[in-house]
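Asker:
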Amino acid sequence: GAGVSQSPSNKVTEKGKDVELRCDPISGHTALYWYRQSLGQGLEFLIYFQGNSAPDKSGLPSDRFSAERTGGSVSTLTIQRTQQEDSAVYLCASSFSAGVSETQYFGPGTRLLVL
Amino acid sequence: EDQVTQSPEALRLQEGESSSLNCSYTVSGLRGLFWYRQDPGKGPEFLFTLYSAGEEKEKERLKATLTKKESFLHITAPKPEDSATYLCAVQANTGGFKTIFGAGTRLFVKA
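Order-wise, the sequence lines are chains A and B. Numbered per my numbering, the first sequence spans residues 101 to 215. Numbered per my numbering, the second sequence spans residues 87 to 197.
(1) Taking any Cβ of chain B, which residues in the region 164 to 178 of chain A have a Cβ under 7 Å from it, in chain order?
(2) Looking only at DSSP bridge pairs, what is residue 168 of chain A linked to?
(3) Here's a check: name, in chain order, each residue in its chain whose Cβ is nearer than 6 Å to the Cβ of residue 143 of chain B, leaving out the five neighbours to either side.
(4) With a threshold of 8 Å, are at least 3 pairs of Cβ atoms found where one atom belongs to the region 132 to 151 of chain A and the other to the region 181 to 194 of chain B?
(5) Got a sec, what are the start and stop residues for the beta strand (DSSP E) residue 89 of chain B sits in?
(6) Any C-beta of chain A within less than 9 Å: which residues of the region 120 to 137 of chain B qualify?
(7) Would you identify the three-state DSSP class for residue 120 of chain A, choosing helix, strand or coil?
(8) Mapping the DSSP letters down to three states, classify residue 124 of chain B as helix, strand or coil.
(9) From the DSSP secondary-structure annotation, give me the bridge partner or partners of residue 111 of chain A.
(10) Does residue 112 of chain B have its Cβ less than 8 Å from a Cβ in chain A?
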């Protein structure tokens, strides 16, 4: 069975451009999480989905960040008008359901560099 | 504010030299504490979940313990392949399923 996949694996963009990052969770997993990891730092929670709804958007750094999930599967994280401080690795994880006993399985991440 | 602090930032060991990594946490009611391993260029890999003080879990050379304020990841007789960053994370009872991570401990094991 395939694990969590993310695309693109690397993205270089210019300041001010919009970017879309994609996450394909493990089939059958209803919960999906987005995190950001800056160089040498731990993971920063951004948002999680249970099905298609996002009960907790508190981690989104600004209104330039948005995320959606359709069909209870693929999710897209969109960053508008990118800034240099948005440069980081964006990690996606999925779990069977949203619960503390449910293991989160992580994808390999998308490395975003904003010039 | 819920917070996770890991120490040391980096740890260098000789093969076979046992040691412990620390994770101190402050949460408004602990729902669960997690340990992950992260290799360079990869996403974190789940190791353990601990739910209540006094709980212990083991996997090969790793043993995780939990108190009301901190968790330890004990590494017994480490091997070079144990070299990685070890991340600690928590979920609070009042935070939905938001997971808060520490900055990690980078472990280097030399043969």
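Beta carbons: idealized from backbone N, C-alpha and C, even for Gly.
Answerer: Let's see:
(1) none
(2) Position 68 of the first sequence, counting from 1, holds the residue named residue 168 of chain A. A:176.
(3) In the second sequence, residue 143 of chain B corresponds to position 57, counting from 1. 134, 150.
(4) yes
(5) Walking along the second sequence from the start, residue 89 of chain B turns up at place 3. Note, residue 89 of chain B: beta strand (DSSP E), 89 to 93.
(6) 120, 122, 124, 127, 128, 129, 130, 131, 132, 135, 137
(7) What you label residue 120 of chain A is simply residue 20 of the first sequence in a count that begins at 1. Three-state DSSP puts residue 120 of chain A in a strand.
(8) By one-based count along the second sequence, residue 124 of chain B stands at place 38. Strand at residue 124 of chain B.
(9) Within the first sequence, the letter at position 11 stands for residue 111 of chain A. Partner(s): A:212.
(10) The count along the second sequence starts at 1 and reaches residue 112 of chain B at position 26. No - not a single Cβ of chain A is within 8 Å of the one on residue 112 of chain B.
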